[in-house]
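Residue numbers (my numbering): -19 to 231.
Note that CB positions come from ideal geometry on N, CA and C, so glycine has one too.
These notes concern the structure reproduced below.
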Amino acid sequence: MATEREERLLARVEDAFGVISVYEVEDYRFLEFGDAVEQSCTFTADPSWLEYDYTRAMLVGALCHPLPESALFLGLGAGTLTQACLKFLPLDDVEAIELRPDVPRLAMQYMGLEDDPRLYVRIGDALELLPTAEKADLLFVDLYTDYGPGVGHLAWRFLEDCQKQLNPGGWLVINQWAGDDGRPLGAALLRGLYHRHYWELPVKEGNVILLVPADLEQTLDIDALRARAEALAPRLGYSLEYLIKAVRPAT
């Protein structure tokens, strides 16, 4: 019989929003919110390794841009996606907005988030701070609480402002929950807001990653995306092809 993997609690803090815990299980560390709601997973030996399909799918979103120089992350978590983007993309300037001050501290202390000179972390509510952020080539929305997606994931004005925050040619990458029908949460709102001009990438964790271009003239070049992913695969240590195959137009 397989033995239960030993789980060690490394840190536990309580803030105005609830509890944040860091656990270690063998070669992995987990950042959890509330009662065992897993937010992030880090492979301790390589903090830029993306363990989950949804983070890999968000990296696919980043590769929609041929040469991104700037990125904005709304929601930092353990920073694994941020680390991967800093490592594998030609970024000069990365900003992250994180609601909870303990999250970046725990990410640096336990989850391998490096103090990279290109990375600037601000503490506060993304819905309030978005207008004061720099325009970006890539914008990632991943605002989750203990209970599911943050209010921004379904707020028309906020999602509209996210798109407006992009530079020309930029891409907005949203980690959205999926309903039982496999469509993204708020599908009707998204279709109206982005004029059906976006792509979806469903992943096995039950999320749908939305790939939204800066404007209606801009389209997704799947062949170029595939070529960039293939070129990167040896450095990543895995292929993104199975995810690229799953990209579909807005449902």
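Environment of residue i [buried if 16+ CB atoms lie within 10 Å]
i      : result
G172   : exposed
D122   : buried
D160   : exposed
D15    : exposed
W136   : exposed
R(-12) : exposed
M(-19) : Unreliable positioning characterises M(-19) in this predicted model, as indicated by a pLDDT of 49, which lies under 50. A coordinate reading is not provided.
T22    : buried
R176   : exposed
E197   : exposed
V131   : exposed
I77    : buried
P148   : exposed
E(-6)  : exposed
A167   : buried
L47    : exposed
Nearest residue (CA-CA) to residue i, options the options
i      : options                   : result
L11    : V40, L39, L56 and R206    : L56
D195   : V5, A116 and G150         : G150
L139   : L170, D15 and A116        : L170
V227   : T199, A209, P182 and G186 : P182
G162   : R137, Q145, E185 and Q198 : E185
A(-9)  : L79, E78 and V83          : V83
E(-14) : C21, E(-6), V5 and A(-4)  : V5
D233   : I103, L69 and R215        : Outside the modelled stretch of the chain, which goes from -19 to 231, sits residue 233, for which no answer is possible.
E207   : Y174, E(-6), Q156 and H45 : Note on residue identity: the sequence assigns Ala, not Glu, to residue 207. Among Y174, E(-6), Q156 and H45, the Cα nearest to that of A207 belongs to H45.
Q19    : N155, I224 and L66        : N155
A51    : E114, E78 and A106        : E114
M88    : S28, G(-2) and D203       : S28
A(-4)  : L200, P193, P81 and G41   : P81
Rounded Cβ spacing between residue i and residue j (contact assumed at less than 8 Å)
i    : j    : result
W179 : P129 : Actually they do not touch by this definition, with Cβ atoms about 19 Å apart.
I189 : L86  : In fact, because the Cβ distance is near 25 Å, the residues do not count as touching under 8 Å.
L43  : L205 : 6 Å
L71  : E49  : 6 Å
G104 : L79  : 7 Å
Distance CB(residue i)-CB(residue j) smaller than 8 Å
i    : j    : result
L165 : L134 : yes
V74  : F120 : no
M91  : A58  : yes
F13  : T125 : yes
Y8   : T24  : yes
C142 : L109 : no
N187 : A209 : no
A106 : L54  : yes
V40  : I224 : yes
beta-carbon residue i near the ligand NAD non-hydrogen atom, thresh 7 Å
i    : result
A209 : With respect to small molecules bound, the structure shown includes none, and the ligand NAD cannot be examined in it.
Tell me, please, whether the segment 53 to 62 touches the segment 84 to 100 by the rule of three or more beta-carbon pairs shorter than 8 Å. yes
Three or more C-beta pairs closer than 8 Å, one from the segment 211 to 220 and one from the segment 29 to 48: is that the case here? yes
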